[in-house]
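Student: Mind having a look at this structure? Questions to follow.
Numbering (our numbering), first residue to last: 615 to 860.
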């Protein structure tokens with residue numbers, strides 16, 4: 615557990631909270647506005663005070679000067695399914711835990727889909743990755759997601775998804791929230807740090823962070839609401855202020 619604890623401290627500050635910026639979307643959706651230059655956007659969010667960034671393996675090599683020694687690195691382990699595939703829960707392992715460690719990862723992240731045809735394979739892979747991570751002392755973040763968009767913010771579905779990730783061995787859960795008091799029970803039942811996902815671009819991402827923190831989240835993991843903003847650095851600074859205070 616020593617290695618795991620050391621690496622978690624590179625993602626979470628002394629207050630046990632974290633502002634994570636997800637910059638891994640292009641693997642699934644192709645180049646998006648704000649992600650044209652990975653080195654540039656990583657530099658912008660690091661300048662805002664992000665605690666960690668989520669990157670795909672191939673993007674790490676181009677971004678080392680922008681983040682090394684300045685924020686934590688979370689490497690995505692799963693993917694192999696693009697927006698052109700009608701079954702987006704068809705994710706497979708694209709990076710081993712050992713490869714992620716060789717890239718300098720402080721933690722890794724993998725999807726866990728519930729409610730679709732790909733659920734059994736997805737959850738079995740998640741459990742397998744948890745075992746590999748713990749053998750190497752690497753924290754695993756489980757990004758738990760209902761397949762149907764209608765259930766993205768449904769407390770029952772989110773509750774099942776989040777608890778499943780915890781039960782399969784995740785050290786941190788990333789999931790959507792409901793924006794209601796139901797989030798407190800969902801977060802408390804996980805017994806590991808919970809990072810609120812941002813989801814689709816919204817006019818006021820700070821409000822999502824405020825509600826999540828009020829209900830017990832350990833931080834946020836936002837992507838589109840940061841890299842799609844006119845001033846990503848400013849948005850990250852605002853999120854850091856909300857999550858960490860000061």
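All C-beta atoms, glycine included, are put in the ideal place defined by N, C-alpha and C.
1) Can you give me the start and stop residues for the alpha helix (DSSP H) that residue 733 sits inside?
2) Out of 752, 789 and 724, state which residue places its alpha-carbon closest to the alpha-carbon of residue 624.
3) Indicate whether the contact test is met: 3 or more Cβ pairs, each with one atom in the segment 760 to 768 and one in the segment 712 to 720, closer than 8 angstroms.
4) Decide if residue 651 is buried, meaning its Cβ has at least 16 other Cβ atoms within 10 Å, or exposed.
5) In its own chain, which residues sit with a C-beta less than 7 angstroms from the C-beta of residue 796, not counting the 5 before and 5 after it?
6) Does the beta-carbon of residue 664 have 16 or more other beta-carbons within 10 angstroms, so that it is buried, or is it exposed?
7) Candidates 619, 655 and 642: which alpha carbon is nearest residue 842's?
8) Taking C-beta to C-beta, are residue 834 and residue 859 nearer than 9 angstroms?
9) Put residue 806 into one of helix, strand or coil per three-state DSSP.
10) Give the DSSP-derived three-state secondary structure of residue 666 in the structure shown.
11) Closer than 9 angstroms, CB to CB, is residue 680 near chain C or not?
12) Name the one or two DSSP bridge partners that residue 759 has.
Tutor: By the coordinates alone:
1) 733 to 750
2) The shortest C-alpha to C-alpha distance from residue 624 to any of 752, 789 and 724 is the one to 752.
3) no
4) exposed
5) 769
6) Its Cβ being crowded by 16 or more others within 10 Å, residue 664 is buried.
7) 655
8) no
9) coil
10) strand
11) Absence of chain C from the displayed structure is noted, only one protein chain being present.
12) 727
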